[in-house]
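All remarks here apply to the structure that follows.
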Amino acid sequence: MKNIALDDIANALERSSLAGMLGWQDVRQRYRRSALGPFWLTISMGVMIGTIGIVFGQIFKSPMTEFLPFLSAGMILWGLISSVVTEGCVGFIGAENIIKQLPIPLFVHIMRLMWRNLIIFAHNLAILPIVFLAVGKPLEVTALLSIPGFILVVLNLAWVALILGIICARYRDLPQIVSNFLQVLFYLTPIMWMPTLLPQRAGIYLLSLNPLYHLLEIVRAPLLGHLPSAQSWLVASGLALIGWGMTVAIYTSYKRRIAYWL
Amino acid sequence: MALIHIENVCVDFPIYNANGRSLKKRLFQVATGGQLGADSQGRVIVRALENLTLTLQDGDRVGLLGHNGAGKSTLLRLLSGVYAPTSGTVDIKGEIGSLIDISLGIDPEATGRENIYIRGGLLGMSKPEIREHIDEIIEFSELGDFIDMPLRTYSSGMHLRLAFAVSTIVRPEILLMDEWLSVGDEAFRHKAEARMSNMVQSTNILIIATHSRELVLHTCNRAIWLEHGKIIMDADPESVVNSYFH
Numbered sequence: 012m013k014n015i016a017l018d019d020i021a022n023a024l025e026r027s028s029l030a031g032m033l034g035w036q037d038v039r040q041r042y043r044r045s046a047l048g049p050f051w052l053t054i055s056m057g058v059m060i061g062t063i064g065i066v067f068g069q070i071f072k073s074p075m076t077e078f079l080p081f082l083s084a085g086m087i088l089w090g091l092i093s094s095v096v097t098e099g100c101v102g103f104i105g106a107e108n109i110i111k112q113l114p115i116p117l118f119v120h121i122m123r124l125m126w127r128n129l130i131i132f133a134h135n136l137a138i139l140p141i142v143f144l145a146v147g148k149p150l151e152v153t154a155l156l157s158i159p160g161f162i163l164v165v166l167n168l169a170w171v172a173l174i175l176g177i178i179c180a181r182y183r184d185l186p187q188i189v190s191n192f193l194q195v196l197f198y199l200t201p202i203m204w205m206p207t208l209l210p211q212r213a214g215i216y217l218l219s220l221n222p223l224y225h226l227l228e229i230v231r232a233p234l235l236g237h238l239p240s241a242q243s244w245l246v247a248s249g250l251a252l253i254g255w256g257m258t259v260a261i262y263t264s265y266k267r268r269i270a271y272w273l
Numbered sequence: 494m495a496l497i498h499i500e501n502v503c504v505d506f507p508i509y510n511a512n513g514r515s516l517k518k519r520l521f522q523v524a525t526g527g528q529l530g531a532d533s534q535g536r537v538i539v540r541a542l543e544n545l546t547l548t549l550q551d552g553d554r555v556g557l558l559g560h561n562g563a564g565k566s567t568l569l570r571l572l573s574g575v576y577a578p579t580s581g582t583v584d585i586k587g588e589i590g591s592l593i594d595i596s597l598g599i600d601p602e603a604t605g606r607e608n609i610y611i612r613g614g615l616l617g618m619s620k621p622e623i624r625e626h627i628d629e630i631i632e633f634s635e636l637g638d639f640i641d642m643p644l645r646t647y648s649s650g651m652h653l654r655l656a657f658a659v660s661t662i663v664r665p666e667i668l669l670m671d672e673w674l675s676v677g678d679e680a681f682r683h684k685a686e687a688r689m690s691n692m693v694q695s696t697n698i699l700i701i702a703t704h705s706r707e708l709v710l711h712t713c714n715r716a717i718w719l720e721h722g723k724i725i726m727d728a729d730p731e732s733v734v735n736s737y738f739h
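Read top to bottom, the protein sequences are chains A and B.
At position 233 of the first sequence (counting the first as 1) the number is 244 in the working numbering, and the numbers step up by one without a gap.
At position 16 of the second sequence (counting the first as 1) the number is 509 in the working numbering, and the numbers step up by one without a gap.
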């Protein structure tokens with residue numbers, strides 16, 4: 012028995028070179044004829060990290076060797092997460108022209124936006140070694156553990172982008188709600204503030220119950236030289252499993268309707 | 494071998510931003526376009542194709558006739574797999590190629606060469622396949638050194654020549670077209686015409702939506718007249734053209 016959703020995703024993976032090419036094209040198009048190209052994003056991210064680092068480092072009285080690496084890793088990851096989620100909302104809406112003309116597997120459009128944002132993320136990654144050098148913090152072997160963590164984050168982002176792409180194609184108010192929600196999430200999650208600053212009680216709600224915290228932790232903690240808790244790994248893997256299960260179910264029922272909604 | 498078999502196919506477009514109440518009062522056939530109606534939940538729908546049953550076999554060269562909004566483009570999109578039918582079954586054997594919007598996906602900031610890869614990729618060609626054909630495409634488009642210039646420096650004729658040269662490289666078993674493609678100046682048009690004819694000959698099934706009487710008479714061996722999403726007539730080109738253009 013063939014499943015529409017899995018079929019589409021498999022066909023899309025077969026055409027990953029197309030998704031890759033279109034993703035590159037998007038980045039190139041955005042920065043064509045600019046000398047620094049996508050490194051402009053790196054610069055603005057760097058400036059933002061520097062500013063927040065100085066101001067909030069003072070307010071929280073956190074030592075810079077601790078706070079700055081924590082902040083940079085968090086901000087760079089958050090940059091990827093928030094742009095994939097925002098662009099996921101218009102993943103299908105933005106590809107309307109292509110979807111209505113050519114029978115390309117729809118998941119290609121999601122892969123395209125994932126790839127585009129991964130390229131930008133890779134550019135932002137250049138900030139990390141600079142920060143680590145500047146504050147004199149060594150990178151430990153545990154940092155390697157952030158790679159499987161990152162893969163898990165990407166797997167999670169992929170289903171989020173797909174499911175948002177589907178629902179937003181139908182309900183056009185959702186992108187606005189999502190972008191509001193993202194802002195709230197940014198402050199609720201320890202990116203700008205360190206979890207150690209929280210009183211015990213609040214920590215339970217803002218950390219344990221916040222899936223985003225766990226997703227960040229499995230990548231950020233190893234980079235900073237700690238091991239992420241087993242709980243974080245469990246939550247992140249569980250989220251990927253349940254999320255993909257739910258997304259495939261929804262995609263199976265509505266994949267054929269997407270072209271009609273555009 | 495190529496075969497298209499569609500049975501009792503309906504295509505309904507839900508309209509989410511129309512005011513259902515006021516439209517519900519006027520469930521009559523409009524002069525142009527599909528039929529307006531409401532589905533079981535009271536939403537406004539446009540029925541673009543209604544209970545279409547059709548079989549196309551190897552060798553069929555089908556001309557689709559009909560006024561604006563008769564459902565020609567929707568039928569082409571249904572066959573290309575863009576739309577799944579709202580009800581009914583569509584059974585298609587054979588690889589499908591569409592020459593509907595040959596400029597789709599072209600990026601004005603990218604060079605001609607980059608655009609060949611983008612456009613080719615969208616049409617389902619792999620990179621090695623495009624690399625194999627790229628010299629042929631560049632030569633056919635007669636762009637010369639302009640191929641490495643950004644597309645925004647092209648004239649609209651050059652733009653179309655490039656799009657045409659890439660899009661006609663594929664040789665699908667089923668070819669869908671919206672009007673005959675005619676590009677370029679006198680000399681180029683001659684070459685393009687030859688290429689189109691070659692493409693049409695090598696395809697197993699051709700389906701072309703058109704308003705041209707000559708095209709149907711010269712190219713097609715079967716004509717279908719659509720109106721309000723229904724088949725009015727399906728016969729040899731001569732008799733359909735005579736009734737349609739009376």
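Where is the CB? At the ideal position from N, CA and C, for every residue including glycine.
Looking at the secondary structure, which residues open and close the alpha helix (DSSP H) in which residue i lies?
| i | result |
| --- | --- |
| B/E731 | P730 to Y737 |
| B/A541 | Where B/A541 is concerned, there is no enclosing alpha helix (DSSP H), although the beta strand (DSSP E) it sits in stretches over V537 to L549. |
| A/L24 | I15 to E25 |
| A/A84 | M75 to C100 |
| A/I158 | S157 to R181 |
| B/I631 | K620 to S634 |
| A/H120 | F118 to N135 |
| A/R263 | The displayed chain sequence assigns Thr, not Arg, to residue 263 of chain A. That run of the alpha helix (DSSP H) goes A241 to Y265. |
| A/V152 | Run containing A/V152: none; DSSP gives neither H nor E here. |
| A/V189 | L185 to L199 |
| B/M689 | E679 to S695 |
| B/R570 | K565 to S573 |
| A/W272 | I269 to W272 |
| A/N221 | Run containing A/N221: none; DSSP gives neither H nor E here. |
According to DSSP, which residues form a beta bridge with residue i?
| i | result |
| --- | --- |
| B/E672 | Answer is none; B/E672 lacks a bridge partner. |
| B/I717 | B/L557 and B/D727 |
| B/T661 | Beta-bridge pairing links B/T661 to no other residue. |
| B/G590 | B/L668 |
| B/S580 | B/C503 |
| B/P643 | B/T604 |
| B/A702 | B/L557 and B/D671 |
| B/Y585 | For clarity, residue 585 of chain B is Ile in the given sequence; the question names Tyr instead. Bridge partners of B/I585: B/I497. |
Out of the options, which has the shortest C-alpha to C-alpha gap to residue i?
| i | options | result |
| --- | --- | --- |
| B/L592 | B/V709, B/A658 and B/N735 | B/A658 |
| A/G31 | A/G236, A/W126 and A/D184 | A/W126 |
| B/I724 | B/F506, B/N544, B/R606 and B/R715 | B/N544 |
| B/H704 | B/E607, B/G613, B/D671 and B/E500 | B/D671 |
| A/D19 | A/Y182, A/I188 and A/P114 | A/P114 |
| B/S660 | B/P621, B/D678, B/D638 and B/L615 | B/L615 |
| B/Y509 | B/R536, B/R706, B/N501 and B/V502 | B/R536 |
| B/L542 | B/R554, B/P730 and B/V583 | B/V583 |
| B/G596 | B/N608, B/T604, B/T646 and B/I585 | Residue identity differs from the one stated: residue 596 of chain B is Ser in this sequence, not Gly. The candidate whose alpha carbon is nearest that of B/S596 is B/N608. |
| B/R706 | B/D729, B/D678, B/D594 and B/L653 | B/D729 |
| B/P507 | B/I538, B/A495, B/I499 and B/L496 | B/I538 |
| A/L273 | A/K111, A/Q194 and A/A241 | A/K111 |
Short of 6 Å in beta carbon distance, which residues of its chain neighbour residue i, apart from the five on each side in sequence? Order them along the chain.
| i | result |
| --- | --- |
| A/S94 | N128 |
| B/A563 | L719 and E720 |
| A/R123 | A30, L33 and G34 |
| A/L250 | N167 and P222 |
For residue i, I'd like the list of residues in its chain whose CB is within less than 7 Å of its CB, leaving aside the five on either flank, ordered along the chain.
| i | result |
| --- | --- |
| B/S648 | none |
| B/K565 | L557, G559, A702 and L719 |
| A/G256 | none |
| B/H626 | I662 |
| A/L17 | V259 |
| A/G105 | none |
| A/A137 | T53 |
| B/A642 | The amino acid at residue 642 of chain B is misidentified as Ala; the sequence shows Met. So the qualifying residues of the chain are T604 and G605. |
| A/I178 | L185 |
| B/S515 | Residue confidence for B/S515 is low, a pLDDT of 45 falling below 50, so the modelled location carries little weight and cannot support an answer. |
For the beta strand (DSSP E) holding residue i, just list the boundary residues, first then last.
| i | result |
| --- | --- |
| B/E500 | L496 to I508 |
| A/A145 | First-last for A/A145: I138 to V146, but that is the alpha helix (DSSP H), not the beta strand (DSSP E). |
| A/I276 | This structure cannot speak to residue 276 of chain A, because chain A is shown only from 12 to 273. |
Using C-beta distances below 8 Å, list every residue in its chain close to residue i, excluding the 5 sequence neighbours before and after it, in chain order.
| i | result |
| --- | --- |
| B/M689 | T661, W673 and L674 |
| A/Y42 | G48, P49 and W51 |
| B/V734 | L558, R706, V709, L710 and A716 |
> Residues in the stretch 552-570 of chain B with C-beta within 8 Å of chain A's C-beta atoms, listed in sequence order?
Replying inline: R570
> Mind listing which residues of the stretch 588-607 of chain B have their C-beta closer than 8 Å to chain A's C-betas, in chain order?
Replying inline: I589, S591, I593, D594, L597, G598, D600, E602, A603 and E607
> Which residues, taken in chain order from the stretch 108-139 of chain A, show a beta carbon closer than 8 Å to some beta carbon of chain E?
Replying inline: The structure shown contains no chain E; its protein chains are A and B.
>> Tell me which residues of the stretch 607-630 of chain B have at least one Cβ-Cβ distance to chain A shorter than 9 Å, keeping chain order.
In response: E607, Y610, I611, G614, L615, L616, G617, S619 and K620
>> Beta carbons nearer than 9 Å to chain B: which residues of the stretch 32-53 of chain A have them?
In response: Contact annotation: in the stretch 32-53 of chain A, residues whose CB is within less than 9 Å of a CB in chain B are M32, L33, Q36, R39, Q40, R43 and R44.
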